[in-house]
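According to UniProt numbering, the sequence shown is numbered sequentially starting from 1. Beta carbons: idealized from backbone N, C-alpha and C, even for Gly.
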Amino acid sequence: MSSVTPTRTEVLVVGAGPAGSGAAAWAARLGSDVVLADAAVFPRDKTCGDGLTPRAIGELERLGLRDWVRAHTVNQGLRAHGFGQTLHLPWPGGSLPDWGSAVARTELDDHLRTTAIKAGATGIDGVRAVDVRRESGRVRAVTFTQGGRSASRSFEIECERLVVADGVRSPLGKVLGREWHRETVYGVAGRCYVASSTHADDPWISSHLELRNERREVLSGYGWIFPLGRDAGGVNLGVGTLATAKRPADVAIKPLMSLYADQRRAEFGLGEELRMPTSALLPMGGAVSNVAGRNWALIGDAAACVNPLNGEGIDYGLETGRLLAELLAEDPDADLATVWPALLRDHYGESFSIARRLAGLVTVPRLLPALGPIGMRSDLLMTLALRWMGNLVTDEDRDRAARVWRWAGRRSLAREARPLFG
Ligand SMILES: Cc1cc2nc3c(=O)[nH]c(=O)nc-3n(C[C@H](O)[C@H](O)[C@H](O)COP(=O)(O)OP(=O)(O)OC[C@H]3O[C@@H](n4cnc5c(N)ncnc54)[C@H](O)[C@@H]3O)c2cc1C
1 MSSVTPTRTE VLVVGAGPAG SGAAAWAARL GSDVVLADAA VFPRDKTCGD
51 GLTPRAIGEL ERLGLRDWVR AHTVNQGLRA HGFGQTLHLP WPGGSLPDWG
101 SAVARTELDD HLRTTAIKAG ATGIDGVRAV DVRRESGRVR AVTFTQGGRS
151 ASRSFEIECE RLVVADGVRS PLGKVLGREW HRETVYGVAG RCYVASSTHA
201 DDPWISSHLE LRNERREVLS GYGWIFPLGR DAGGVNLGVG TLATAKRPAD
251 VAIKPLMSLY ADQRRAEFGL GEELRMPTSA LLPMGGAVSN VAGRNWALIG
301 DAAACVNPLN GEGIDYGLET GRLLAELLAE DPDADLATVW PALLRDHYGE
351 SFSIARRLAG LVTVPRLLPA LGPIGMRSDL LMTLALRWMG NLVTDEDRDR
401 AARVWRWAGR RSLAREARPL FG
C-alpha cells in the first residue's frame, strides 16, 4: 500500500485482478493519473484454472510480459479425452500466438498489479469499495473502508472516471445497478493444486469432456488438468459444470473434484493431497445489464466477460481493461453509458451469443452423452471445436472455419431476446 492514500485521481480502478490491473497499466501508459484499489492484500489467491490460452498470451505480450510468462511453462495445445478417445489438438496459431501457458493466480495477479504500478498507477490494497457519491448523473467519488470491524476507517477517493473490475459478485457494480441474468448459462467450477510425478511439465493441457459423477452419469461440464511446470512440480486440477436458473447444477463441486482426481490419479501420476480446493461461480457471455453509466464502466467478470464454452476469463479481463483504457484516452469525455455497452457488443456480441447458446444446449439432459462420442470420433470436428470453443478466431481470420463461426454468431445475435450487456 502506498504510504499516503490519494484523495483524488483521474481514473480510479476498483479491483486489481487481470481486468483492473490491465486497465490501470494501459490507462497509466496512455498518460492518465490512475489509482488501483483492491479489498485484498496482495499477493492474494483467486479460484481459477490458471490456464492462459493463446488469446491471453496475445494480451500478455502486448503488456510486454512474453518472456516472464515463457519462463513459467509453455504448452502447445489441448489433449481432449473422452468417450473412448484421446485427441491431440495443437493451438491453431494464425493471427494469435501458437502457444499457451498456466501461471498460479497468486503469482500472475501480483505480477500484473506490479506491472500497473510500474507503469505509474498508485496501488492501494486492503481497501474495500462500499459506496459511491454521485453528482449530476456522474460518479464523483468512491467510499472505501479499511481495517477490521474494531479499527475500521472510511474515506473517499474522488475521480473523474471510474473503472469497476471487482469480479464475479461485483459489489460496487451492484451499488451502481449491475444486474446478472442467471437464466442465461453460467458456470459453477472448482480447482485445487496436486503434485504430479509425470505431468507437471507436460506440453499439453488436458480436458476430460466425459465428466461422470459417482452414479456414472455424464455431467454437462468437463474436468481439466493444467500443468504448471517443472519448478511448480504439479498441476491445477479442476471441474466445471454449466447451469441455468431453469437447470441448476445439481452437483457438489468439491466431492466431484476428488472423484475426478481419483479417476485420473494413476494416468497423471497425481499425489493424494488436493491442496487449496475452492469453488466459485462464473458469470458468462455478457449476461449482465447496466454495465456503464456516464463516467463509469464495468470490465472483466463484473461485466460477465467470460467465454461460455471454456470458462476463460483472464484474457477477456485483460482485453476489456485495455479497450476501456484506450477509449478513455481517445475521448476522455465519452458518454460511457452508451459507448461502452456498444463497444462490448461490437467486440464480443457474435462470439458470446453463439457460445452461450451452445453452452445452454449442453445443459439439456442426455444431449452431451449423445453428441460427445460423435464429436470425439472426428479429429476435424474437434479441431474446429477447439478453435470455436476457445474463440480463437479474430477479425483478421478469413478461412472457412472463421467465416462459419462469424456467420453463426451473427444469426444467433439477431435472435437474442435480451441484448448482451443490455
Ligand atoms: C474454478 C474456476 C476456474 C477458472 N479457470 C480459468 C482459466 O483456466 N483460465 C481463465 O482465463 N479463466 C478462468 N476462470 C475465470 C477467471 O478466473 C476470471 O474470469 C478472472 O479472474 C476475471 O478477472 P477479473 O479481474 O474480472 O476479476 P478477479 O480476478 O476476480 O478480480 C477482482 C478483484 O476485485 C477485488 N474486489 C472485489 N470486491 C471489491 C471491493 N468491494 N472493493 C475493492 N476490491 C474489490 C477482489 O479482491 C479481486 O482482487 C476460472 C474461474 C473459476 C471460478
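DSSP, reduced to helix, strand and coil, places Met-382 within a helical segment of the structure shown.
Within a 10 Å sphere around the beta-carbon of Ala-80 sit 16 or more other beta-carbons, which makes this residue buried.
The residue from Ser-196, Asn-290, Val-69 with its alpha-carbon nearest to that of Phe-268 is Ser-196. In the displayed model, Pro-277 falls within a strand according to three-state DSSP. For the pair Leu-96 and Arg-62, the CB atoms are not nearer than the 8 Å cut-off. Take Val-127, set aside five residues on each side of it, and the residues of its chain with a beta-carbon closer than 6 Å to its own are Ala-37, Phe-144, Gln-146, in chain order. If you look at Leu-323, you'll find it isn't in any beta strand (DSSP E); it sits in the alpha helix (DSSP H) that goes 314-330. In the DSSP assignment, Val-404 is bridged to no other residue.
Judged by DSSP secondary structure, Thr-115 falls within the alpha helix (DSSP H) whose first and last residues are 105-118. At least one heavy atom of ligand 1 lies closer than 7 Å to the C-beta of Arg-128. For Phe-352, the enclosing alpha helix (DSSP H) has its first and last residue at 336-362.
When DSSP assignments are scanned along the stretch 124-208, the uninterrupted stretches of beta strand (DSSP E) that are 3 or more residues long and fall wholly within it turn out to be 127-135, 138-146, 153-164, 186-195, 204-208. DSSP, reduced to helix, strand and coil, places Val-69 within a helical segment of the structure shown. When secondary structure is reduced to three states using DSSP, Gly-271 falls in the coil class, being assigned neither helix nor strand.
A distance of 8 Å or more separates the beta carbons of Phe-83 and Pro-283. The beta carbons of Leu-237 and Tyr-222 sit no closer together than 8 Å.
Distances from the alpha-carbon of Ser-220 to those of Arg-153, Val-163, Leu-78, Ala-243 put Ala-243 closest. Nearest neighbour of Ala-129 by Cα position, chosen from Ala-408, Arg-275, Phe-155, Ala-200, turns out to be Phe-155.
In the DSSP assignment, Ala-232 falls outside any alpha helix (DSSP H) and carries neither an H nor an E.
Bounds of the alpha helix (DSSP H) holding Glu-61 are 54-62. In the structure shown, Ser-32 adopts coil according to DSSP, grouped into three states. When DSSP states are grouped into helix, strand and coil, Ser-101 belongs to the strand group.
A Cβ-Cβ separation of about 14 Å leaves Ala-292 out of contact with Asp-166 under the 8 Å criterion. With contacts defined by Cβ atoms closer than 8 Å, Thr-73 and Leu-259 do not form a contacting pair.
Taking C-beta atoms as the reference points, Leu-78 and Ile-205 count as a pair closer than 8 Å. If you look at Leu-367, you'll find it isn't in any beta strand (DSSP E); it sits in the alpha helix (DSSP H) that goes 367-376. Relative to the non-hydrogen atoms of ligand 1, the Cβ of Leu-108 never comes closer than 7 Å to any of them. Following the DSSP letters along the chain, one finds Thr-86 inside the beta strand (DSSP E) bounded by residues 85-90. Taking the Cα of Asn-307 as reference, the smallest distance to any Cα among Gly-375, Asn-391, Leu-281 is reached at Asn-391. With respect to the 8 Å criterion, Val-185 and Ala-280 are not classified as neighbours on the basis of their beta carbons.
Per DSSP, the continuous beta strand (DSSP E) segment holding Val-14 begins and ends at 8-14.
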